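So the mapping is simple: the numbering used here equals the position in the sequence shown, first residue as 1, plus 73.
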Amino acid sequence: MQIIGEKINGTRKRVAQAIMERDSAFIQDLAIRQAEAGAAWLDVNAGTHPNREPDDLIWLVETIQPVVKVPLCLDSANPQALAAAIQVVQQTPMINSISGEPSRLEGILPLVAKHSCPVIALAMDERGIPETCEQRMAVVHKVMEATRAAGVPDEKVYVDPLAMTLATNTQAALITLDTIHAIRREFPNVHLTIGLSNISFGLPARSYINRVFLTLALQAGLDSAIIDPLDREMKAVLIAAELVLGRDRHCLNYTRAYRAGVFGK
Ligand code: THG
């Protein structure tokens with residue numbers, strides 16, 4: 074299971090402030106703590122201000138990469154911002170994201186192919202996030218046709234089936250879990266990822282919902298997630314779930330994590 078650390082996100086108030094004030098220490102601390110907590114990638118989102126996004130994303134990349142070894146996951150829908158940031162990254166970044174939207178396929182997929190980047194592919198298009206599993210799979214088929222045509226191997230694609238909040242549709246989690254199963258069946262070589270916390274948006278005590286959903290999604294075939302690596306309870310659930318699902322030979326990961334104080338005690 075690969076964790077994509079979610080904390081450097083300009084839609085969070087404190088991070089937006091740090092970006093505006095060019096507070097390197099605050100951003101570097103978030104990067105170091107997430108890397109130490111085992112994040113395989115650090116998501117980097119500069120917020121959505123169209124004029125400032127390229128400069129802000131470049132500043133974030135140049136602030137983060139001197140202090141950590143983990144690669145970055147550039148989180149933007151803006152081809153200009155992504156193209157600018159790719160020029161300053163030292164390690165091949167993951168691109169978050171393409172979708173079925175023609176503007177993203179035309180603007181972002183060529184960058185992905187040119188730089189051989191891993192890429193997150195959202196199960197949505199210009200009409201939004203489809204309601205049903207069947208409709209989401211139609212979008213996934215369209216996006217996979219485009220990535221294959223561009224020469225991107227399936228192993229580099231992280232399909233995001235998307236989670237919507239249960240607060241407005243109590244079937245939302247089941248739809249996403251069905252979509253994970255379908256992607257696993259129809260595209261056995263892709264990775265799967267998800268921004269977990271959308272599932273509980275607007276509900277109280279969200280962490281219970283997020284943890285149960287993570288467990289079920291892992292069973293369905295999820296192999297990476299955009300989460301908070303500093304959340305000890307979430308980490309415990311993740312490592313225990315992988316053990317229960319037969320993905321932890323000799324229980325080594327679980328027992329080592331326990332002894333290292335990752336959870337328990
Ligand atoms: N799929 C993909 N990328 C994504 C998402 C997704 N990127 C953005 C988002 N969704 C995932 N990232 C975050 C980052 C931070 C928070 C949630 C998701 C977060 N939220 C706090 C909360 O939920 O309580 C509130 C904000 C705050 O702390 O200020 O921290 O789905 N491909």
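All C-beta atoms in this analysis are idealised placements derived from N, C-alpha and C, irrespective of residue type, glycine included.
Quantities reported herein were computed from a predicted structural model and do not represent experimental measurements.
Where DSSP assigns a beta bridge to residue i, which residues make up the other side?
i, result
"C146", "D116, M167"
"Q138", "DSSP, once it has assigned bridges, lists no residue as partnering Q138."
"L195", "D233"
"L265", "V232"
"G201", "D198"
Would you identify the three-state DSSP class for residue i, choosing helix, strand or coil?
i, result
"S176", "helix"
"N283", "helix"
"K80", "strand"
"A333", "coil"
"S189", "coil"
"Q75", "strand"
"A278", "coil"
"D321", "coil"
"I181", "coil"
"N326", "helix"
"P127", "helix"
"T121", "coil"
Within the continuous beta strand (DSSP E) that includes residue i, where are the two ends?
i, result
"L239", "Note, L239: premise wrong, no beta strand (DSSP E); not H, not E."
"S297", "297-300"
Counting C-beta neighbours from all protein chains within 10 Å, is the total for residue i 16 or more, i.e. buried, or is it exposed?
i, result
"I105", "exposed"
"G173", "buried"
"L145", "buried"
"Q107", "buried"
"S176", "exposed"
"N242", "exposed"
"E207", "exposed"
"Y231", "buried"
"S170", "buried"
"Q163", "exposed"
"A314", "buried"
"P203", "buried"
"T249", "buried"
"A333", "exposed"
In the DSSP assignment, find the alpha helix (DSSP H) that holds residue i and state where it starts and stops.
i, result
"D251", "245-259"
"V317", "305-317"
"C206", "206-222"
"F99", "97-109"
"L155", "152-161"
"K86", "86-94"
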